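Visitor:
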Amino acid sequence: MISQHVLKSIDAASKVIGKTWPLYSFVTSNPLSGYEKLSFPEAVEYAKAHLNAHVFPKTHVYREAFANGEIDVQVLEGLLKENGYSETPEVYLRKMNASDGRGEKNENHALDRIMVKWLSSFLDEGLAEWQMPGKEKGFYKAWRALAVYDDELGVNMSSEIPKNSSEVLSNVLSEYPEQEYTKICTYHLAALPGWTGYINYRREADSLWQREYPISLEDYLGVRLWIARKINAQIVPKINAARREGDMAKLQYIWLQAWEKSWQNTFVKTLGKASLKSDFSTNGATFSDAQLVFCIDTRSEAIRRHVEAKGNYETFGYAGFFGIAMDYANPNDGTVRKSCPPIVASAYTVSESPQSGKKEDVSVYERKNEIRKFGQYFLKRMKNMLPSAFGFVEGSGFYYGLSLLARTFTPGALYRVKAKNTSSYESLHEPEINAAKVQEDAVSGISLDEKVAIVKSAFDLTGWKKFAPLVLFVGHGSHSANNAFGSSLDCGACAATPGRHNARMFAKLANLQEVRMVLADKYNLRIPADTVFIGAEHNTTTDEIEVFDSEVPDSHRERLQKVKLHLANAQQTATRERLGEGHNGVTLAQGKANNWSETRPEWGLAKNAGFIVAPRALTKNENLDGHCFLHSYNWEMDVEGKALEGIMQGPMVVTQWINNHYYFSTVDNDKFGGGSKITHNITGKFGVVQGNGGDLKIGLPLQSVNRCDDGMYHRPLRLSVLIQAPLDRVADILSRNENLKALLDNEWIYLMVMDPKQKNNIKQYRKNMEWLIISGEGMDGKIHSKTFKVETVNEGVG
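Under the numbering used here, the residue at position 381 of the sequence shown is numbered 604, and the numbers go up by one with no gaps.
#1: Measuring CB to CB, does L494 end up less than 8 Å from M319?
#2: Between the C-alpha atoms of S381 and A365, what's the straight-line distance to the nearest angstrom?
#3: Can you give the beta carbon distance from S703 to T764, rounded, assuming they're within the 8 Å contact cut?
#4: Quick one, are the C-beta atoms of G833 and N762 less than 8 Å apart?
#5: With a threshold of 8 Å on Cβ separation, who are the neighbours of H228 within its own chain once the five nearest residues in sequence on each side are excluded?
#6: For H1025, which residues of its own chain have a beta-carbon under 6 Å away from its beta-carbon, when the five flanking residues on both sides are left out?
#7: Which class does R467 belong to by DSSP, given the choice of helix, strand or coil?
#8: Please check the pair R989 and G864, which I expect to be a contact at CB under 8 Å, by giving their CB distance rounded to whole angstroms.
#9: Who pairs with I985 in a beta bridge, going by DSSP?
#10: Going by the beta-carbon positions, is the gap between L299 and P280 smaller than 8 Å?
#11: With a cut-off of 8 Å on the beta carbons, I'd call A866 and L732 a contact; round off their distance for me.
#12: How many angstroms separate the CA atom of N983 from the CA atom of R527?
#13: Just curious, the alpha helix (DSSP H) that L967 is in, first and last residue?
#14: What is the residue span of the alpha helix (DSSP H) that T798 lies within?
#15: With distances taken between CB atoms, is the gap from L415 to D891 smaller than 8 Å?
#16: Straight-line CA distance for H277 to K271?
#17: What did DSSP end up calling I240 once you bin it into helix, strand or coil?
#18: For K560, name the three-state secondary structure that DSSP assigns.
#19: Contact defined as beta carbons within less than 8 Å: I believe G361 pairs with P437. What is the distance between those atoms, to the nearest angstrom?
#20: Could you spell out the range, first to last residue, of the alpha helix (DSSP H) harbouring I881?
#21: Expressed to the nearest angstrom, what Euclidean distance is found between the alpha-carbon atoms of I240 and L479?
#22: Rounded to a whole number of angstroms, what is the C-alpha to C-alpha distance between Y541 and T243?
#23: Report the partner residues of F345 according to the DSSP bridge assignment.
#24: Give every residue of the same chain whose Cβ lies closer than 7 Å to the Cβ of D772, excluding the five residues on either side of it in the sequence, and list them in chain order.
#25: Starting from the C-beta of H903, find all residues in its chain whose C-beta is less than 6 Å away, skip the five residues before and the five after it, and write them out in chain order.
#26: Using the three-state DSSP reduction, which class does Q662 fall into: helix, strand or coil?
#27: Using C-beta distances below 6 Å, list every residue in its chain close to Y285, excluding the 5 sequence neighbours before and after it, in chain order.
#28: Quick one: give me the first and last residue of the alpha helix (DSSP H) that S569 is part of.
#29: Taking the C-alpha atoms as reference points, what is the distance between W482 and S943?
#30: Counting along the chain, where does the alpha helix (DSSP H) carrying C408 start and finish?
#31: How would you write the range of the beta strand (DSSP E) that M549 sits in, first residue to last?
#32: From A548, E575, A752, pick the residue whose C-alpha is nearest to that of A676; which is it?
#33: Per DSSP, N807 forms a beta bridge with which residues?
#34: Measure how close the beta-carbons of K679 and L735 come, nearest whole angstrom, since I'm counting them as under 8 Å.
#35: Using a 10 Å radius around the Cβ and a threshold of 16 neighbouring Cβ atoms, would you call R739 buried or exposed?
#36: E760 lies in the alpha helix (DSSP H); which residues open and close that run?
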């Protein structure tokens, strides 16, 4: 039986690794989430020491930002002087450049290679034709039964190996003092953070694969420590030189702070000016031809501007799962995927069924789909089965050659054909909630109260005032070919799946007459009888907005046709802005979406640096260049502050995860990112390795954050949040949510508040509930040192 001290040591050690999300649901998350209770400098120092990783931008990145004017020289010199550095920035660039080396050699390469061999075999999720025997017994027991066949281990019989991992851990660790246990466990978990992070994911997600073929960190350590002792590998870590590089780390952090402060100064100046010319009194109250709700995703910022420019349209920002805590069951293949934020427990399973009157059309579609699926299955078997593989390659080479030529030279045309063939599905099916998963005996359907709550929450959080005849809830998804990390480009709020299913489900609920009656009678929220809600999807690769309009009444067809025309025009101008004015933007975007050799079909959320929680009036006339998440919010309608608290607890935390995922993937793409797409190999259907082995990649590919191998595209800056709301309301929320306050005090997030009760002056949060005035009427544009505390008044939020 494993001792409690060993279990506690393993738990403490597991904090150094995050979760490695599978390729089919690649959720962006902070790889150092286990250390958010530490300050940012402390957390990255810990990661640097244990992972042998870069944790700040490399010197050439700082140099480029400094040369481009992105790091203000006055801000930088001021911070250097504050910290006792008196020489010029160029002197410190040279000093930092000398310390940019990788670090120490991996002394346990042989041990890592053996572990990767066994982990990749055991964790395989159907890619291999021949599965590892005995997987149902669990990782340790399956390995123990087969270890005798591994010539590298030199095991004569299984009886040489203890029967369970607890015995191994007790035997090995007993040779060392108890205070060394956590250090040893940390060292061996951090050796392969990608693989151990995936064990973390499987264990916490309680996936079907985990239930059928269990693996734990205890079993991993049991196997690893037994092999380590067998092959005389290092068990206790050496002192890492990274711990002795304190001065360089301090300098690098000062440069990072200077870069962030320089960006914030521009950000605050832009929004400060915008607040002076914005008419907040009419926000959401004017009559529009149509209203469109987009995800808060940074890629929505540009398309919203272009849609608004095409007609009398009003847009809102709302987390793209649209408040429906659901899983989506694909009726085509039976797979069930989470379609809400990872921090939200799924309450419903949503699927689709044929619309009444279209069952014959659906039958034809499904027969074609079955033929297509069988063809795919047959080709996969032919390629993967050993007896047929060589003959298949010889016989099919000519046809694959033609396909390759078409995908290389006419990818856009192929994309348009494929899109036309697949878009018919939504016209034949309608979404339905099959079951609530709250109880074990799943209750069919969803109660009226829950339907009302979902719809009401959307309008509460976005500060809605009036309804147009057409209201489009626009989810988003991406399209790319030959892209292992394709799901990282889908909706993060939907757990890296497309948001179309949530959008269609929300529209269905909001159109229900019984839902509208309760909203009117109980909450005085009156949706006009002629308002129709419609689901849609924004393709972030091509900027096309597909409208799922099969259930729209004839009375609204003419209005909708006009909206569709304007959306097509918005696609033209948005793609030209994104890809260059000299191109036919749509054609180029479609080609990138379907080009098998395209390393950057789109940029995802690269460049994210800010999160704005405010009415659209504040940002409507500003081009924020894709830097900001935009969440609609009206402080006057949120009397008790409940909506703002929900935004801060949910979207603000999730955007911080996204921001840190991009930060760490940028500063060390080898350790925290995905490496180059060019040499990726998929393993087990769930992950990629670089070349023919090594650690599982945990983050974004190099091509998702860099414009070239060494040229930056994403700026690695921590998230700056700006909320337009009374300062005492924000302070009150922080005083009651220690987790949010800790994120701010530990410098994982910067927070600024634009106070509408104080002429929209902007204050920035300091540590321990202190605030600094940084912008507003009478300010001279410089940072002033006046800080103050806010007396919090509970506004009735419970």
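Note that the Cβ used here is the ideal one computed from N, Cα and C, for glycine as well. All of these numbers come straight from a predicted model, not from anything done at the bench.
Guide: According to the structure data:
#1: Along the sequence shown, read from residue 1 onward, the residue named residue 494 stands at position 271. Along the sequence shown, read from residue 1 onward, the residue named residue 319 stands at position 96. No, they are not a contact pair.
#2: Locating residue 381 in the sequence shown gives position 158, counting from the first residue. Locating residue 365 in the sequence shown gives position 142, counting from the first residue. Each residue's Cα considered, the two are about 11 Å apart.
#3: Start at 1 with the first residue of the sequence shown, and residue 703 comes out as number 480. Start at 1 with the first residue of the sequence shown, and residue 764 comes out as number 541. Going by Cβ atoms, the distance from S703 to T764 rounds to 6 Å, so yes, they are a contact pair.
#4: As a first step, residue 833 must be located in the sequence shown, where it is residue number 610. As a first step, residue 762 must be located in the sequence shown, where it is residue number 539. Result no, Cβ atoms of G833 and N762 do not sit closer than 8 Å.
#5: Translated into positions along the sequence shown, residue 228 becomes position 5. Cβ neighbours of H228 beyond the five flanking positions: E401, Y404.
#6: With the chain covering only 224 through 1021, there is no way to say anything about residue 1025.
#7: In the sequence shown, counting from the first residue as 1, residue 467 sits at position 244. Caution applies to R467, whose pLDDT of 48 falls short of 50 and renders its modelled position unreliable; the model cannot decide the point.
#8: Taking the sequence shown and counting its residues from 1, one reaches residue 989 at position 766. Taking the sequence shown and counting its residues from 1, one reaches residue 864 at position 641. Not confirmed; about 22 Å, so no contact.
#9: Taking the sequence shown and counting its residues from 1, one reaches residue 985 at position 762. Answer is M977, S998, bridged to I985.
#10: In the sequence shown, counting from the first residue as 1, residue 299 sits at position 76. In the sequence shown, counting from the first residue as 1, residue 280 sits at position 57. Their beta carbons are not under 8 Å apart, which means L299 does not touch P280 by this criterion.
#11: Your numbering for residue 866 matches position 643 in the sequence shown. Your numbering for residue 732 matches position 509 in the sequence shown. Contact doesn't hold; Cβ gap of about 19 Å is too wide.
#12: Counting from one through the sequence shown, the residue named residue 983 turns up at place 760. Counting from one through the sequence shown, the residue named residue 527 turns up at place 304. Cα to Cα, N983 sits roughly 24 Å from R527.
#13: Within the sequence shown, numbered from 1, the residue matching residue 967 stands at position 744. Per DSSP, L967 belongs to the alpha helix (DSSP H) from 961–968.
#14: As a working note, residue 798 is residue 575 in the sequence shown. 780–802 is the span of the alpha helix (DSSP H), which, as asked, contains T798.
#15: Reading the sequence shown from its first residue, position 192 is the one you call residue 415. Reading the sequence shown from its first residue, position 668 is the one you call residue 891. Contact: no.
#16: In the sequence shown, counting from the first residue as 1, residue 277 sits at position 54. In the sequence shown, counting from the first residue as 1, residue 271 sits at position 48. Whole-angstrom Cα-Cα distance: 6 Å.
#17: Against the sequence shown, residue 240 aligns to sequence position 17. Of the three classes helix, strand and coil, the one that applies to I240 here is coil, per DSSP.
#18: Translated into positions along the sequence shown, residue 560 becomes position 337. According to the sequence shown, residue 560 is Arg rather than Lys. In the structure shown, R560 sits in a strand (DSSP, three-state: E or B).
#19: For this step, residue 361 is matched to residue 138 along the sequence shown. For this step, residue 437 is matched to residue 214 along the sequence shown. Correct: roughly 5 Å between the Cβ atoms.
#20: Indexing the sequence shown from 1 puts residue 881 at position 658. Note, I881: alpha helix (DSSP H), 874–890.
#21: Looking up residue 240 in the sequence shown gives position 17. Looking up residue 479 in the sequence shown gives position 256. About 24 Å.
#22: Along the sequence shown, one-based indexing puts residue 541 at 318. Along the sequence shown, one-based indexing puts residue 243 at 20. Distance between the alpha carbons of Y541 and T243: 27 Å.
#23: Here the question's residue 345 lines up with position 122 in the sequence shown. In DSSP, F345 forms no bridge with anything.
#24: Locating residue 772 in the sequence shown gives position 549, where the first residue counts as 1. Within the same chain, D772 has close Cβ partners I757, L783.
#25: Residue 903 sits at position 680 when you count from the first residue of the sequence shown. If we look at H903 and ignore the five residues flanking it on each side, its Cβ neighbours are A707, V911.
#26: Sequence index remark: in the sequence shown, residue 662 carries index 439 (1-based). Confidence at Q662 is low in this model, with a pLDDT of 30, below 50, so the placement of that residue should be treated as unreliable; the coordinate-derived value is given next. It is coil, neither helix nor strand.
#27: As a position in the sequence shown, residue 285 is number 62, starting the count at 1. Answer for Y285: W478, listed in chain order.
#28: Walking along the sequence shown from the start, residue 569 turns up at place 346. Where S569 is concerned, there is no enclosing alpha helix (DSSP H), given that its DSSP letter is neither H nor E.
#29: Position 259 of the sequence shown holds residue 482. Position 720 of the sequence shown holds residue 943. Cα to Cα, W482 sits roughly 12 Å from S943.
#30: Translated into positions along the sequence shown, residue 408 becomes position 185. 404–413 is the span of the alpha helix (DSSP H), which, as asked, contains C408.
#31: As a first step, residue 549 is located in the sequence shown; it is residue number 326 there, counting from the start. Run containing M549: 549–552, per the beta strand (DSSP E) assignment.
#32: Counting from one through the sequence shown, the residue named residue 676 turns up at place 453. With distances taken between Cα atoms, A676 lies closest to A548.
#33: The sequence position of residue 807 within the sequence shown is 584, counting from 1. Paired residues: none, contrary to the question.
#34: Mapped onto the sequence shown, residue 679 falls at position 456. Mapped onto the sequence shown, residue 735 falls at position 512. That pair is no contact at about 13 Å.
#35: Indexing the sequence shown from 1 puts residue 739 at position 516. Result: buried.
#36: Looking up residue 760 in the sequence shown gives position 537. Segment 755–762 is the beta strand (DSSP E) holding E760; no alpha helix (DSSP H) there.
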